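Here's the structure, in structure tokens; my notes come after.
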Amino acid sequence: MSSAAPDFDAATAWVRATLDRDLPSHLAYHTAAHTTDDVVPAAIRLADAEALSGRDRLILLTAAWFHDVGYTVRTTGHEAVSIEFADRELPALGYGPEDVAAVTDLIRATQMPQRPESHLAGLLADADLDVLGRPDFLESNGRLRRELAALGRVYGDADWYDEQIAFVAAHRYHTSTARAMRDETKARNLDRLRELRSAAQPFRVLRRRFGIRRRTDGRSTLRGAPNEI
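Everything in the sequence shown is counted per the numbering used here, starting at 11 for the first residue and increasing by one.
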């Protein structure tokens, strides 16, 4: 193992600089703020609630910082890139081989569908989806929809809400700590999604009624009209 103590501050500074410099501008959800303002604070709340200290806290929070840095390179398979970054950067910052392996195991647990194999991995997985049980869920969900649209995955309202309802309804936080913190608000968010779904019409109905057609670039236009919707 490395003789130097892990330099957590240097690790977080490296992640901040990398996210700020290299994240693609079309990512509306997986921004730097998703890490710095959402996942890391959620991991800290869970760590505090469980009175984590020492190595466990270090591993959890380091993994929270590194878990999405792979988005600076690619979207699909970003977890593997995040692991590569951790493997490359952390040893020079005083993290020993066992610590690096523990961090990368936690990052791997954030891959969907989540299958954490330890309690710490469950805490990080729960921090990553903390937003499902937060009051700002719908706002965040809108950013995710815009990000996917920018990547070519365009949804009509009904299809979008069907998919989100299925995901949230099937989701279960892995730790009792996260469930105690977020289940009540998550249930309200699910009710709100169902309300929005009830008000939405399937894209095929709008297409038939108003002559909406898909463009080759994935966006939608009205036939015979220059405007985009």
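Beta carbons are placed, not taken as given, at the ideal position from N, Cα and C, and that holds for glycine. Since the structure is predicted, the reported quantities are computational estimates derived from the model, not experimental observations.
Delimiting residues of the alpha helix (DSSP H) encompassing Y171 = In the DSSP assignment, Y171 falls within the alpha helix (DSSP H) that extends over D167 to A180.
Can you find at least 3 beta carbon pairs, one from the region 158 to 166 and one from the region 21 to 30, that sit closer than 8 Å?
-> Taking 8 Å as the limit for Cβ pairs, the verdict is that the region 21 to 30 does not touch the region 158 to 166.
Ignoring anything shorter than 4 residues or poking outside the region 64 to 126, list the alpha helix (DSSP H) runs there in chain order.
-> 64 to 76, 88 to 99 and 107 to 118
Looking at the unbroken alpha helix (DSSP H) that takes in V141, where does it start and where does it end?
-> From DSSP, V141 is part of no alpha helix (DSSP H); its letter is neither H nor E.
Taking the alpha-carbon positions, what's the P16 to L103 distance?
-> 6 Å
Span separating the alpha-carbon of A210 from that of D169 = Straight through space, the alpha carbons of D169 and A210 are spaced by roughly 9 Å.
Can you tell me the Cα-Cα spacing of S208 and R198, whole angstroms?
-> A direct Cα-Cα distance of roughly 15 Å separates S208 from R198.
CA-to-CA distance, D109 to L154, given in whole angstroms | 32 Å
Take A27 and list the residues in its own chain whose beta-carbon comes closer than 7 Å to its own, dropping the five residues that flank it on each side.
-> none
How many Å lie between R204 and V178 at the Cα?
-> 11 Å
Would you mind stating whether L116 and L130 have Cβ atoms separated by less than 9 Å?
-> yes
Element boundaries [alpha helix (DSSP H), containing V49] = Looking at the DSSP string, V49 is not in any alpha helix (DSSP H), and its letter there is neither H nor E.
Which value, in whole angstroms, describes the spacing of the CA atoms of D136 and A14?
-> Computed Cα separation, rounded: 31 Å.
Look at the alpha carbon of R182 and the alpha carbon of G132, and state the distance between them as a whole number of angstroms.
-> 11 Å
Would you identify the three-state DSSP class for E60, choosing helix, strand or coil?
-> coil
Shortest alpha-carbon distance to I49 belongs to which of T120, L200 and Y165?
-> The sequence shown places Val at residue 49, not Ile. Ranking T120, L200 and Y165 by Cα distance to V49 puts T120 first.
Three-state secondary structure (DSSP) of S186 = helix
Report the option in K196, T195 and H40 whose CA atom is closest to the CA atom of T85.
-> H40
State the start and end residues of the unbroken alpha helix (DSSP H) segment that holds D19.
-> Per DSSP, D19 belongs to the alpha helix (DSSP H) from F18 to D32.
Pick from A190, I54 and R192 that is closest to I69, judged by C-alpha positions | Out of A190, I54 and R192, I54 has the C-alpha closest to the C-alpha of I69.
Check each candidate in D138, A90 and V79 and name the one with the smallest Cα separation from D32.
-> V79
Measure the alpha-carbon distance for V141 versus S150 and round it to whole angstroms.
-> Rounded to whole angstroms, V141 to S150 spans 8 Å at the Cα level.
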